[in-house]
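Novice:
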Amino acid sequence: MKKLLEWYYGKASIRRKLVISYLILVLLPLVVLGSYSYHIARKNLLIQTKDTMKSNVDSIAYNMQTNVSREEDNLKYLSYNSSFRERLEKGSENTPALAQELNRSVEPVFWYFITSDRNIKGIEIYSPCISQELGSFLKTEKECENQAWYDYHQTNYQSLWTLEDGALYATRPLLDAATSSKPIGVMKLEVYANRFTDAIYQSQFKENGVLLVNENGEQIAGRALEDTELEAEIRNVLQKRWQSEAATQEKIRFLETGRYLLCGGELLDNGWQLFYYVDKKEIAEDMNGILQTTLLLIGICLLIITVLISVLSKILSSRILNLKHCAEKVGRGEFEIVTETGYTDEIGVVAHSFDVMSKKIDEMMNQVYQMGLEKRATELKALQAMINPHFLYNCLSSIKWKAIRANEDSIADITGLLAKFYRTTLNGGKQITTVYNELENVRAYLEIQSRTHEDGFEIEYQIPQEGMDYEMPNFLLQPIVENAICHGIDCCEEGQRGMIRVEYVPGAEFLEFHIYNNGPMMEEAQLQKILEEPGKGYGIYNIQERIRMYYDRECGIFTRISEDGLVCFTVKIRSGISSGIGLERL
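0 is the number of the first residue of the sequence shown in numbering that gives the first Met the number 0; add one for each residue after it.
#1: Return the bridge partner residues of Lys138 from the DSSP annotation.
#2: As a quick exercise: from Phe509, Ala198, Gln495, pick the residue whose alpha carbon is nearest that of Asn517.
#3: Between Leu173 and the ligand NAD, is the CB less than 7 Å from at least one heavy atom?
#4: If you draw a straight line from the alpha carbon of Glu100 to that of Tyr125, how long is it in whole angstroms?
#5: Compare the C-alpha of Ser449 against each of Ile233, Asp489, Tyr149 and name the closest.
#6: Taking the Cβ atom as the reference point for each residue, do Thr154 and Thr161 lie within a distance shorter than 8 Å?
#7: Less than 8 Å separating the beta-carbons of Leu229 and Phe274?
#8: What residue ranges within the segment 36 to 92 form continuous alpha helix (DSSP H) runs of no fewer than 4 residues, ordered along the chain?
#9: Out of curiosity, what's the CA-to-CA distance linking Asp197 and Asp454?
#10: Do you know offhand how far Gln201's Cα is from Phe136's?
#11: Output yes or no for whether 8 Å exceeds the beta carbon distance between Ala96 and Gly134.
#12: Is DSSP giving Arg222 helix, strand or coil here?
#13: What's the call for Gln272, buried or exposed, on a 16-neighbour Cβ count within 10 Å?
#14: Which of helix, strand or coil does DSSP assign to Leu530?
#15: Can you tell me whether Arg584 is buried or exposed, with buried defined as 16 or more other CB within 10 angstroms of its CB?
#16: Would Asn118 and Arg194 be called neighbours here (beta carbons separated by less than 8 Å)?
#17: In whole angstroms, what is the alpha-carbon distance linking Arg573 and Cys554?
#18: For Met385, which three-state DSSP category applies?
#19: Secondary structure at Gln248, three-state DSSP: helix, strand or coil?
#20: One question on the structure: do Ala60 and Leu267 come within less than 8 Å of each other, judged by their Cβ atoms?
#21: Expressed to the nearest angstrom, what Euclidean distance is found between the alpha-carbon atoms of Ser158 and Pro463?
#22: So Gln543 is in the alpha helix (DSSP H); what residue range does that whole segment cover?
#23: May I have the straight-line CA-CA distance separating Asn215 from Asp150, to the nearest angstrom?
#24: By Cβ distance, which residues of its chain are closer than 7 Å to Met0, with the 5 residues on each side in sequence left out?
#25: Taking buried to mean at least 16 other C-beta atoms within 10 Å of its own C-beta, is Ala246 buried or exposed?
#26: Specify, as a first and last residue, the run of the beta strand (DSSP E) that Pro478 falls within.
#27: Just to confirm my understanding: we take Glu265, look at its own chain, exclude 5 residues before and 5 after, and list those with CB closer than 7 Å. What are they?
#28: Assuming Thr423 and Glu439 are in contact, meaning their beta carbons sit under 8 Å apart, how far apart are those beta carbons, in whole angstroms?
#29: On the DSSP letters alone, give me the boundaries of the alpha helix (DSSP H) that Leu260 sits inside.
#30: What's the C-alpha gap between Gly332 and Gly347?
#31: Can you tell me which of the three DSSP states Ala96 falls into?
#32: Less than 8 Å separating the beta-carbons of Glu437 and Met471?
#33: Given that a residue counts as buried once 16 or more other Cβ atoms are within 10 Å of its Cβ, and exposed if not, what is Pro172?
#34: Roughly how far, in whole angstroms, is the beta-carbon of Phe204 from the beta-carbon of Asn55, given that I think they are within contact range, below 8 Å?
#35: Whose C-beta lies closer than 7 Å to the C-beta of Met467 among residues of the same chain, with five residues either side of it excluded?
#36: Going by DSSP, what residues sit across from Cys567 in a beta bridge?
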């Protein structure tokens with residue numbers, strides 16, 4: 000047997016090897032392999048479809064839960080105004096005091112929530128403690144008599160979501176300020192139903208339907224299948240299961256029949272549940288494609304004996320295949336490879352040369368990587384060198400105290416602002432600061448510019464209290480504010496009063512800073528040129544480069560013209576700053 004194999008391997012001609020290999024080959028393994036491949040592909044397709052459905056329903060449910068939680072939090076916040084509840088409880092005795100409290104602390108907050116939350120359509124309070132409507136939001140209980148949600152809150156103090164005549168709203172009772180045990184009114188927060196449920200219509204996976212129902216199994220919103228008969232069947236099944244005493248909402252997690260797949264999401268905090276279903280005809284079409292492909296492959300294999308050639312190639316070229324695998328590893332960046340040694344034929348020489356080449360490439364890539372690190376560190380140090388030295392801050396502090404002693408208050412003030420500006424700019428030599436310090440730097444700079452311009456322009460701040468402790472690179476915003484003054488405010492037409500607006504929008508993933516000015520209108524090409532071309536001094540181009548050192552491509556400086564005609568520069572960074580390559584220590 001050994002001699003036969005030696006003959007076959009080393010002495011038999013290629014033609015004889017092909018003939019012998021073809022005779023050994025049998026048709027059955029090929030058919031079995033094709034059948035098995037189709038079965039596995041069909042099974043994997045069904046698993047993938049189920050996983051995708053689960054992922055989609057969880058994604059939609061998460062968006063819906065976010066909307067529900069946000070509006071319930073808004074309700075809780077608005078209903079906890081203790082001073083207003085005290086006035087409301089005595090509303091019939093002292094109506095002027097209640098009206099004054101409405102104007103002072105209630106209506107401004109309500110208007111703020113209505114204008115800032117795109118989902119909120121309106122807010123109303125119904126109370127038995129007043130005899131007539133007050134302001135824009137406070138109404139008598141007569142206007143909601145016999146409403147189920149109003150009666151519900153006389154004994155239940157939790158939030159309630161209701162869909163009525165196409166209107167979707169959440170309600171929550173207002174309790175007395177003294178004991179928080181007696182309802183003195185009900186707050187009703189109405190949302191735009193189409194916006195509130197728009198996540199339902201975003202999934203485009205196959206021919207799918209989505210249904211959102213409340214705790215009683217009643218439809219809140221949904222998207223139907225094109226097959227109306229199948230849609231009616233699915234909804235009928237859901238209704239029966241919902242009404243069944245033996246099955247609760249939590250058990251409706253996944254259902255498969257001969258015609259459809261149905262997946263139920265987790266219950267939302269308000270008792271709603273989401274159902275996602277797919278017509279199996281869509282899956283059957285994909286399965287038919289897999290079957291046709293499998294049959295085609297089997298036919299091709301039978302006609303052109305590709306299997307014979309591949310087996311023969313494996314026997315004759317095992318060393319080449321080994322070399323190929325090594326090349327693939329090098330292509331993936333794995334340079335620690337082991338090639339065969341001790342052979343002096345052509346393949347052996349190639350293998351040895353390849354081994355030497357891969358080691359040299361590995362050394363060169365390490366050298367290039369180190370050079371890149373050194374280059375980026377050098378660039379950042381060059382950017383840092385553009386900032387004035389630390390001694391200037393100390394000099395300004397000395398000038399301020401001398402001006403105070405000389406009763407030169409204006410000089411002392413502007414010198415103090417300059418000192419504050421340079422203190423926050425230098426930041427103790429650190430490249431990382433907080434949002435609070437960065438905004439303080441901008442405030443100091445704007446105050447200096449306002450005084451040098453003799454209060455020639457308006458300054459507006461829209462800065463919330465939250466998100467001040469986030470970390471960010473130092474000295475990002477001042478050059479943009481300076482650009483807004485030099486190319487915006489200073490270029491205003493005669494008689495036009497300039498305006499600078501600074502906005503800060505913190506988020507869970509990104510932080511955004513918006514700098515507006517009402518200077519001359521600029522074309523999009525001009526704005527893009529400012530971002531892409533270096534200017535004189537420490538300009539916006541350098542800020543863009545610094546952001547790229549610390550963050551990914553989603554972050555940077557962006558420009559636009561607002562709806563009210565203001566030029567806006569936006570700085571967008573992530574809420575968490577990565578240590579990167581250690582630049583923050585430079």
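Ideal placement from N, C-alpha and C gives every residue a C-beta, glycine not left out.
Specialist: Answer, in terms of the structure:
#1: Tyr125
#2: Gln495
#3: Ligands are entirely absent from the displayed structure, and the ligand NAD is therefore not among its contents.
#4: 16 Å
#5: Comparing Cα positions, the closest option is Asp489.
#6: no
#7: no
#8: 81 to 88
#9: 47 Å
#10: 34 Å
#11: no
#12: strand
#13: buried
#14: helix
#15: Interpretation of Arg584 is limited by its pLDDT of 37, a score under 50 that renders its predicted location unreliable; no figure is taken from the coordinates.
#16: yes
#17: 7 Å
#18: Interpretation of Met385 is limited by its pLDDT of 47, a score under 50 that renders its predicted location unreliable; no figure is taken from the coordinates.
#19: Unreliable positioning characterises Gln248 in this predicted model, as indicated by a pLDDT of 46, which lies under 50. A coordinate reading is not provided.
#20: yes
#21: 27 Å
#22: 539 to 549
#23: 18 Å
#24: none
#25: Because the pLDDT of Ala246 is 47, which lies under 50, any placement of that residue in the model is unreliable, and the number read from its coordinates should be weighed accordingly. Exposed, since its Cβ has fewer than 16 Cβ neighbours within 10 Å.
#26: From DSSP, Pro478 is part of no beta strand (DSSP E) but of the alpha helix (DSSP H) over 477 to 486.
#27: Ala60
#28: In this structure Thr423 is in contact with Glu439, their Cβ atoms being roughly 5 Å apart against a cut-off of 8 Å.
#29: Unbroken run through Leu260 is the beta strand (DSSP E), 259 to 263; no alpha helix (DSSP H).
#30: Their Cα atoms are separated by approximately 23 Å.
#31: helix
#32: yes
#33: buried
#34: 6 Å
#35: Thr433, Val434, Tyr435
#36: When beta bridges are read from the DSSP output, Cys567 appears opposite Tyr515, Arg559.
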